[in-house]
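Asks: The opening residue of the sequence shown carries number 1 in UniProt numbering; numbering runs sequentially from there.
Before I ask anything, let me first share the structure, which is written out below as structure tokens.
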Amino acid sequence: GCHGFFLLAANGLLEFFIAINVFKLYYGDDWEELFEFITGYGLGGSSMAPYGRIGGNTCTKVVDVVASLVEEIERNIHEDEPRNSDVIVDNVGDIADILSNLFNSESSCHILLVSFVDTTAYLIITLSATDFFKIKAVIEIELSLKNQLIISTVLMIVGIAIDSWMAPPSSFTIFNFRTQEVVENWQLFLCVVVGLWAGLIMGLVVEYYTSNVYSPIQEDFDSCPTGAATNAVFRLAMGYKSVIIPILALAINIFARFSLVTKYGIVVAALEILSTIATRLTINGYSPISDHARGIAEMAGMNPKIRERPHALNIVGIRGVQKNRPTN
């Protein structure tokens, strides 16, 4: 999963690079006209994403209901058996939904990226962060993935500091509501740092409210014996409470980056929130892949300890999907 999703994240950068060089053959050194035309890259990503997301969701639901019933009842083939096409098609639908969702957000920001060095640094840093922790037990899976995001964020600050000093000019001019604003490279760096930490904070808060390791889910479990009504009220209250910090983080993030680099800062910092997209895609991909691996292991009658591992990955992947909701 890690190799595949990191390759897909790099493929998005490669396609953007190819698009620029192809249209450069026509526009030459007219960079202003070239990048006005390249904005269609973001429009294309946003236009195709709904088809992938809706199609992926619809495909998954249809396969779960129709294919499972037909192949289990009429052909006596179990749902998680390798011969059942449901194992593959359901997986494809889930992953298509994940990829189109996050690519929609990333492609809209790619067109205003400071340099390709940024995105290349993202991929290298997030890939290197995968080797910091070795998982020895199932209980360490979630902690390891969380530490990957934290370490990636910290390392990116160092990488972006170097890139902000080397890649862009020391100052440049942007247009802000028909007025010209001079932006220093240190302002751009601070804007990037704000976006990085805002994305990390939102992800950690979502994990706190969705992981059974922390008190919110444990309190939710304790409210179940008193009845469904109490449990529903508690979950509703917890849901309202869980969005307070992410909304505040997003509001402070927007205000800070607009104050630093006006409208351009909002777009740049939005891309920084998505800078860990390769790791996020990998975590999301755990869910559909490990879910079917667990089912196949169960149908094959494997050792319960073997079935426990993909089940734990599936749970972590589901939580990873929730972590990515604020970044879309």
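We put the CB at the ideal spot given by N, CA and C, even for glycine.
Using the Cα positions of Met-48 and Leu-34, report the straight-line distance between them to the nearest angstrom.
Replies: 22 angstroms
Asks: With a 10 Å radius around its C-beta and 16 neighbouring C-beta atoms as the bar for buried, classify Val-193 as buried or exposed.
Replies: buried
Asks: Grouping DSSP H, G and I as helix and E and B as strand, with all else coil, what is Ile-135?
Replies: coil
Asks: Hey, would you say Asn-185 sits closer than 8 angstroms to Ser-164, going by beta carbons?
Replies: Yes; because the gap between Cβ atoms is below 8 angstroms, this pair is in contact.
Asks: With a 10 Å radius around its C-beta and 16 neighbouring C-beta atoms as the bar for buried, classify Glu-32 as buried or exposed.
Replies: exposed
Asks: Excluding five sequence neighbours on each side, which residues of the same chain lie with their C-beta closer than 6 angstroms to the C-beta of Ala-256?
Replies: Val-194
Asks: Does the beta-carbon of Glu-142 have 16 or more other beta-carbons within 10 angstroms, so that it is buried, or is it exposed?
Replies: buried
Asks: Go ahead and pull the three-state DSSP assignment for Ser-171.
Replies: strand
Asks: Name the DSSP bridge partner or partners of Thr-179?
Replies: Asn-176
Asks: Is it buried or exposed for residue 334, if we count other Cβ within 10 angstroms and need 16 for buried?
Replies: In the structure as shown, the chain starts at 1 and stops at 328, and residue 334 therefore has no counterpart that could be examined.
Asks: Going by beta carbon distance, what residues of the same chain come within less than 7 angstroms of Leu-260, once the five residues before and after it are set aside?
Replies: Gln-187, Leu-190 and Cys-191
Asks: Compute the beta-carbon to beta-carbon distance between Ser-290 and Pro-304, rounded to the nearest angstrom, for a pair I have assumed lies under 8 angstroms.
Replies: No, Ser-290 and Pro-304 are not in contact; Cβ-Cβ is about 16 angstroms, not under 8 angstroms.
Asks: So, is Asn-11 buried or exposed, given that buried needs 16 or more other C-beta atoms within 10 angstroms?
Replies: exposed
Asks: Between which two residues does the alpha helix (DSSP H) harbouring Cys-191 extend?
Replies: 185 to 210
Asks: With a cut-off of 8 angstroms, do at least 3 Cβ pairs link the region 195 to 204 to the region 148 to 156?
Replies: yes
Asks: What residue does the alpha helix (DSSP H) around Met-238 start on, and which one ends it?
Replies: 228 to 242
Asks: Helix, strand or coil for Ser-121, going by three-state DSSP, please let me know.
Replies: In the sequence as presented, Ser is not what sits at residue 121; that position holds Ala. The three-state reading of DSSP puts Ala-121 in helix, counting H, G and I together.
Asks: How should Ile-160 be labelled, buried or exposed, when 16 other C-beta atoms within 10 angstroms of its C-beta is the threshold for buried?
Replies: buried
Asks: Should Leu-123 and Ala-278 be called a contact, given that it needs their Cβ atoms to be closer than 8 angstroms?
Replies: Yes, the Cβ-Cβ distance between Leu-123 and Ala-278 is below 8 angstroms.
Asks: When the Cα of Ile-38 is compared with those of Asp-222, Leu-25, Pro-50 and Phe-16, which residue comes out closest?
Replies: Phe-16
Asks: Count the other CB atoms within 10 Å of the CB of Thr-126; is the residue buried (16 or more) or exposed (fewer)?
Replies: buried
Asks: Under a three-way DSSP split, which group does Ser-46 fall into?
Replies: helix
Asks: So is Asn-314 buried or exposed if we call it buried at 16+ other beta carbons inside 10 Å?
Replies: Buried: at least 16 other Cβ atoms inside 10 Å.
Asks: Could you tell me the alpha carbon to alpha carbon distance between Pro-246 and Asp-222, rounded to whole angstroms?
Replies: 26 angstroms
Asks: Taking the alpha carbon of Ile-266 as the point to measure from, which residue in Gly-301, His-292, Leu-196 and Met-166 has its own alpha carbon closest?
Replies: The residue with the shortest Cα to Cα distance from Ile-266 is Leu-196.
Asks: I need the straight-line Cα distance from Gly-40 to Asn-176, nearest angstrom please.
Replies: 22 angstroms
Asks: Could you tell me if Arg-178 is buried or exposed, where buried requires 16 or more neighbouring beta carbons within 10 angstroms of its beta carbon?
Replies: Here Arg-178 is exposed, its C-beta having fewer than 16 other C-beta atoms within 10 Å.
Asks: Measuring alpha carbon to alpha carbon, tell me which residue in Pro-216, Leu-200 and Glu-308 is nearest Met-238.
Replies: Closest in alpha carbon position to Met-238, among Pro-216, Leu-200 and Glu-308, is Pro-216.
Asks: Determine the DSSP secondary structure at Asn-303, reduced to helix, strand or coil.
Replies: Coil.
Asks: With Gly-159 as the anchor, note down where its alpha helix (DSSP H) starts and where it stops.
Replies: Residues 141 to 166.
Asks: Among Ile-162, Ala-293 and Val-183, which residue has its Cα nearest to the Cα of Phe-172?
Replies: Val-183
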